[in-house]
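Chemist: Below you'll find the structure I mean.
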Amino acid sequence: MQPECRFRNIYKMKSIWFFFVAVIFSLQMTTIAFAAEISSSAEWSYDLGHTTSSSGKSSSESSSQSYDIDYQEAPNRAIDISSKLSFAMDESSSSDSYTTYSYSPTADLALTTAPWSLSLGVSEGISTSDDPSTIRNTSLDYFMDLTLTPGDIFPELSFSLSQTESFERGASDTMSASFSFSTSYEIDFLGLSTSYDYSNSISNDRMTSDSDSKEVSYNFSAGFGIDLTSSIKYTGDYSFSKSKSYSYFDDGGIMDKSGDKDYSYASKVDYKVFPATSLGLTNDFSNALDLISLDKSISRSSSANLTQDIYSWIAFKLDYSQGKDETLDTADDRVSLSKSYSSGITMSPNKFLDLSFETSQDKSEEDSKIDTADTFSSSKNMDFSWNCEVTSIFKFSYTVSNSKSFTEGMLDSNDDSMSFALDLAGNTEIDLNVTPSYSYSKSKDLIAGTDTSSDSIDISIDYGLVLTTNMDLKMTHSYGRSKYNSTNIVDRSDDSSLDFSWTEPIKNLDFTCSMSRGSSDTSGDDAGPTTNLSYDFSLNWSVINMDYSLSYTLDDPQDSVNSESIDFSLGMAFLELATVDFSYSFSQDLGDEVSKSDSISLSLSMKF
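Read in order, the letters of the sequence shown correspond to residues 315 to 922 in the numbering used here.
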C-alpha cells in the first residue's frame, strides 16, 4: 500500500489542530491588506540499497517528503506576526522486514508586540507498520512561551509551558507537563548581574500503577565585578539551588522523595602591585546538603599567584593553593586536605636561548573516622625546556623532566624523561622538511622493585614539488623505532605516501590521486612485518549549473581482505527555485567470499 493511501486511512486530525490552524489563518486574513511575505518549500528524497554476501542477498528502500509554508506579517510598526505549517512523511522497508511509516505535522505561531513576545506551537507524531502485530504509536506535543523585555530599567521575564502525550493502544499511555519561569537583571555601571529560574514538571503514566512523579527546582545566581581602583579589580559570584523530587501512589500518597540544597560563592582579586608585578587571590566555598539523609559536603579552596617581569625577557611566577573537603553527618565522615606549590622562570633573551624551568610540589592528606583509612601522599616535579632557532631553517628543542611520588613520607616511584628534536625546514623553493627526534624515559617503582626504561627515534621527511603552476607532487616518509630495555623488544614503523594534485586542467575541474604504504614490525614474535597499501583517486568538476564528483578507493591490507569502493554524485541547481542531488556508491571485498553492496540516493528540494 502506498504511504499516501495509508495516511488517509490511519490519520485523524485532533481538535487541537483545528484550533491552531484557525488561529494562524484568521490572523493572516485580518492583516491581508498589509504587506506580507509568504514562502513555501518542498523536499523529496529516495534511497535504495542492495547487499550481497555469502548468506544471500538483501535490499532496503526508504523515502521521505516534507512541506513547509512560512508566513510573515507586519500589520503596523508595533506588531510582527509569523507562522509556519510543516508536514513530513517517511517510509522505509527492507527485503527481510515489514514497511514502516511515520508522519509528523507541526504548526508554529509567533506574535511580537514590544515589550511582549508570544510563541505557540504544536506537533504530532504517528508511527505504524505493515506488521499486523505492530500497534500504532501517537505522540502530541505543544508549547507556549511568553517573554517580557521591558528594557534596561526593569528585569526581563520569561514563562514557558509545555505538554507531551504519548499513546500506544494497549501498551502505554503517558502524559508529562512542565512549567518554567525565569528572570534576569543587570546593572552595568555596578557590574551586577542576577538571574532566577523556577521549574515544575509532572509525569503521569495512566497504565502503570504507582508511577506518577513530580519535580520542583529553583536556582538563583548573582555576579558582581567592579574596579575598586585603577590597579585593583574584584569579582564575586554567588549561587543557590534547591530541588525536590516525589513519586506518588495512585491514591495520592508519597511513595518516595529526594531533594538537594546547594549554595556556593567565589571571589577573586586582581591586584597590579607595580607595572611589572601582578598578584591574584581567589577564595571559593560550596555547601551541598541532602534534604532527606541530611548528609553534608563542604568544600573550601583558596589560591595566590604572583608574576614578576624582571626584564622584558625574564619573567618569574609563584603559585600557591590549598583546599579542604569535608563529608559530614555520615557513617564515615572524612576530611581531605591538599596543598600545592609551584614556581617557574622563563628567559628569552634571543632566538638562541628560549629557556623555561618550573618546579612544583603537591601534598594531600585524608582523615577518616576509620583510622585505617587515613592516607598521606605527596609528589615533586621538575621540568626544563630549551628551544633554539639557529637559522630560519634549522631549529631544535630539548626537554627534561623528573617526577617523584611519596606515600606516608616514603619515596615509592621516580620517573625521568628526556627528549631532543631537530627541525630542518627548507624554503619555499625547496619545500623539504626533515624532523628527527629522540626521546628517553625511565621509571622506577620502589614498592614493586621494578625498573623500566625505553628510548625511541623518529624521523619524518616531507618533500613538496611544484611541477607546473597547477600541478603539485608531495612525498612524505616517516620511520620510527622504539626499544623497551627491560624486555629488549623493539617496535618499528615505516610509512610513506605520495600525493598528486592537478588544479583545473580544464576550467572548474580538480583532480587528485594518492598512494600510501605503511609497515610495522615487532621483534621477538613469530610474525613478520605487516604491510598495508591504499590507493585513492578523486575528480570534482563544476560546469554550468551542475557539480560532478567521482572517487575511487582501494585498500590492500596484508592481514585482512582487500576492499574497493566507488562513489559518484551529481548536483543540479535550477535558478534559485529547485535543486536535484543524485548519488551512487558501490563497495566490495575482494576475498574468496562474496561481499558487496551498492546504494542509490535521489533528492529534490524546491522553494516558492
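Note that beta-carbon positions come from the ideal geometry of N, C-alpha and C, so glycine has one too.
Quantities reported herein were computed from a predicted structural model and do not represent experimental measurements.
Less than 7 Å separating the beta-carbons of L595 and V583?
Modeler: For the purposes of this step, residue 595 is taken as residue 281 along the sequence shown, with counting starting at 1. For the purposes of this step, residue 583 is taken as residue 269 along the sequence shown, with counting starting at 1. Using a Cβ distance threshold of 7 Å, L595 and V583 count as a contacting pair.
Chemist: Would a C-beta distance cut-off of 7 Å place D455 and S474 closer than the cut-off?
Modeler: Your numbering for residue 455 matches position 141 in the sequence shown. Your numbering for residue 474 matches position 160 in the sequence shown. No.
Chemist: Would you kindly work out how many angstroms separate the C-alpha atoms of S901 and S662, rounded to a whole number?
Modeler: Here the question's residue 901 lines up with position 587 in the sequence shown. Here the question's residue 662 lines up with position 348 in the sequence shown. Their backbone Cα atoms lie some 56 Å apart in a straight line.
Chemist: Along the beta strand (DSSP E) that carries M521, what are the first and last residues, could you check?
Modeler: The residue you call residue 521 lines up with position 207 of the sequence shown. No residue range can be given for M521, since it is assigned to no beta strand (DSSP E) and is classified by DSSP as neither H nor E.
Chemist: Please report the Cβ distance between F563 and Y577, rounded to the nearest whole angstrom; I am assuming they are in contact, meaning their Cβ atoms lie under 8 Å.
Modeler: The count along the sequence shown starts at 1 and reaches residue 563 at position 249. The count along the sequence shown starts at 1 and reaches residue 577 at position 263. In fact, because the Cβ distance is near 33 Å, the residues do not count as touching under 8 Å.
Chemist: Please state if the CB of F698 and the CB of F671 are separated by a distance shorter than 7 Å.
Modeler: As a working mapping, residue 671 is identified with position 357 in the sequence shown. As a working mapping, residue 698 is identified with position 384 in the sequence shown. Yes, the pair counts as a contact, with Cβ atoms nearer than the cut-off.
Chemist: According to DSSP, what are the bridge partners of E679?
Modeler: Your numbering for residue 679 matches position 365 in the sequence shown. Bridge partners of E679: L651 and F690.
Chemist: According to DSSP, what are the bridge partners of Q379?
Modeler: Residue 379 sits at position 65 when you count from the first residue of the sequence shown. Per DSSP, W358 and M403.
Chemist: May I have the straight-line CA-CA distance separating A347 from S355, to the nearest angstrom?
Modeler: Along the sequence shown, one-based indexing puts residue 347 at 33. Along the sequence shown, one-based indexing puts residue 355 at 41. Any reading at A347 is ruled out, since the residue's pLDDT is 43, under 50, leaving its predicted position unreliable.
Chemist: Would you tell me roughly how many angstroms separate the C-alpha atoms of S770 and D609, rounded to the nearest one?
Modeler: Residue 770 sits at position 456 when you count from the first residue of the sequence shown. Residue 609 sits at position 295 when you count from the first residue of the sequence shown. Each residue's Cα considered, the two are about 52 Å apart.
Chemist: Can you list, in chain order, the residues of its chain whose CB lies under 6 Å from that of T344, leaving out five sequence neighbours each side?
Modeler: Indexing the sequence shown from 1 puts residue 344 at position 30. Residue confidence is low: T344 scores 47 on pLDDT, short of 50, so the model does not pin down where it sits. No coordinate-derived value is stated.
Chemist: Which partner residues of T448 appear in the DSSP bridge assignment?
Modeler: Residue numbering aside, residue 448 sits at position 134 when the sequence shown is read from its first letter. Paired residues: none, contrary to the question.
Chemist: So E878 is in the beta strand (DSSP E); what residue range does that whole segment cover?
Modeler: Here residue 878 refers to the residue found at position 564 of the sequence shown. Counting along the chain, the unbroken beta strand (DSSP E) around E878 starts and ends at S877 to F888.
Chemist: Which of the three DSSP states, helix, strand or coil, is assigned to L471?
Modeler: Within the sequence shown, residue 471 is the residue found at index 157, counting from 1. For L471, the three-state secondary structure derived from DSSP is strand.
Chemist: With distances taken Cα to Cα, identify the nearest neighbour of I546 among K677, F710, N822 and Y585.
Modeler: Your numbering for residue 546 matches position 232 in the sequence shown. Among K677, F710, N822 and Y585, the Cα nearest to that of I546 is on Y585.
Chemist: In chain order, which continuous runs of the beta strand (DSSP E) of length 3 or greater are located wholly inside the segment 590-643?
Modeler: 591-604, 610-625 and 628-642
Chemist: Please go through the same chain and pick out, in chain order, the residues whose beta-carbon is closer than 6 Å to the beta-carbon of Y579, but skip the five residues on each side of it.
Modeler: Within the sequence shown, the letter at position 265 stands for residue 579. The residues are Y552 and F599.
Chemist: Give me whichever residues DSSP pairs with T845 in a beta bridge.
Modeler: Along the sequence shown, one-based indexing puts residue 845 at 531. Partner(s): S833.
Chemist: Between which two residues does the beta strand (DSSP E) carrying E722 extend?
Modeler: Within the sequence shown, residue 722 is the residue found at index 408, counting from 1. First-last for E722: undefined, no H or E at that position.
Chemist: Taking DSSP's pairing of strands, which residues face R795 in a bridge?
Modeler: Stepping through the sequence shown from its first residue, residue 795 is reached at position 481. Answer is I771 and R806.
Chemist: Exposed or buried, what is I440 when buried is set at 16 or more other beta-carbons lying within 10 Å of its beta-carbon?
Modeler: For this step, residue 440 is matched to residue 126 along the sequence shown. Label assigned to I440: buried.
Chemist: Here's a check: name, in chain order, each residue in its chain whose Cβ is nearer than 6 Å to the Cβ of S693, leaving out the five neighbours to either side.
Modeler: For the purposes of this step, residue 693 is taken as the residue at position 379 of the sequence shown. D676 and S719, listed in sequence order.
Chemist: Between the alpha carbons of I659 and T801, how many angstroms are there, rounded?
Modeler: Counted from its first residue, the sequence shown places residue 659 at position 345. Counted from its first residue, the sequence shown places residue 801 at position 487. Using only the alpha carbons, I get a separation of about 39 Å.
Chemist: Please check the pair I606 and K571, which I expect to be a contact at CB under 8 Å, by giving their CB distance rounded to whole angstroms.
Modeler: Within the sequence shown, the letter at position 292 stands for residue 606. Within the sequence shown, the letter at position 257 stands for residue 571. The Cβ separation is near 7 Å, so the contact holds.
Chemist: Measure the alpha-carbon distance for T641 versus T549 and round it to whole angstroms.
Modeler: Working through the sequence shown from its first residue, we reach residue 641 at position 327. Working through the sequence shown from its first residue, we reach residue 549 at position 235. Taking the straight line joining both Cα atoms gives about 28 Å.
Chemist: Measure the C-alpha to C-alpha separation of D623 and M696 and round it to an integer number of angstroms.
Modeler: In the sequence shown, residue 623 corresponds to position 309, counting from 1. In the sequence shown, residue 696 corresponds to position 382, counting from 1. Their Cα atoms are separated by approximately 21 Å.
Chemist: Please report the Cβ distance between G885 and M920, rounded to the nearest whole angstrom; I am assuming they are in contact, meaning their Cβ atoms lie under 8 Å.
Modeler: Sequence index remark: in the sequence shown, residue 885 carries index 571 (1-based). Sequence index remark: in the sequence shown, residue 920 carries index 606 (1-based). Rounded to the nearest angstrom, the Cβ distance from G885 to M920 is 15 Å, too far for a contact under 8 Å.
Chemist: Reducing DSSP to helix, strand and coil, say where L341 ends up.
Modeler: Within the sequence shown, residue 341 is the residue found at index 27, counting from 1. The predicted position of L341 is uncertain, since its pLDDT is 47 and thus under 50; no value can be drawn from it.
Chemist: Note down, in chain order, each residue of its chain lying with its Cβ closer than 7 Å to the Cβ of N701, except the 5 sequence neighbours on either side.
Modeler: On the sequence shown, position 387 is the one that residue 701 refers to. Closer than 7 Å at the Cβ level, and outside the excluded window around N701, lie D668 and S711.
Chemist: Could you tell me if T442 is buried or exposed, where buried requires 16 or more neighbouring beta carbons within 10 angstroms of its beta carbon?
Modeler: For the purposes of this step, residue 442 is identified with residue 128 of the sequence shown, where counting begins at 1. Looking at its Cβ environment, which holds 16 or more other Cβ atoms inside 10 Å, T442 is buried.
Chemist: If you follow the beta strand (DSSP E) that T783 is in, where does it begin and where does it stop?
Modeler: Within the sequence shown, numbered from 1, the residue matching residue 783 stands at position 469. Neither: T783 is in no beta strand (DSSP E) and is coded neither H nor E.
Chemist: Using only CA atoms, which one of E500, D813, L504 and T689 lies nearest to Y510?
Modeler: To locate residue 510, count along the sequence shown from 1; it is residue 196. Selected option, being the one with the closest Cα: E500.
Chemist: On a Cα-Cα basis, can you pick out the residue from W430, S396 and T452 that is closest to S416?
Modeler: In the sequence shown, the residue the question calls residue 416 occupies position 102. For the residues W430, S396 and T452, the minimum Cα distance to S416 belongs to T452.
Chemist: So, under 8 Å CB-CB, S755 and S731 are touching, yes? Tell me the CB distance rounded to an integer number of Å.
Modeler: Position 441 of the sequence shown, counted from the start, is the residue given in the question as residue 755. Position 417 of the sequence shown, counted from the start, is the residue given in the question as residue 731. The Cβ separation is near 4 Å, so the contact holds.
Chemist: Ordered along the chain, which non-local residues of its own chain (more than five positions away) have a Cβ less than 6 Å from that of T893?
Modeler: Translated into positions along the sequence shown, residue 893 becomes position 579. Excluding residues within five positions, the ones whose Cβ falls inside 6 Å are A887 and S919.
Chemist: Got a sec? Which residues, its chain only, sit under 8 Å from G363 by beta carbon, not counting five neighbours each side?
Modeler: Position 49 of the sequence shown holds residue 363. Around G363: S373, S374, E375, S911, D912, S913 and I914.
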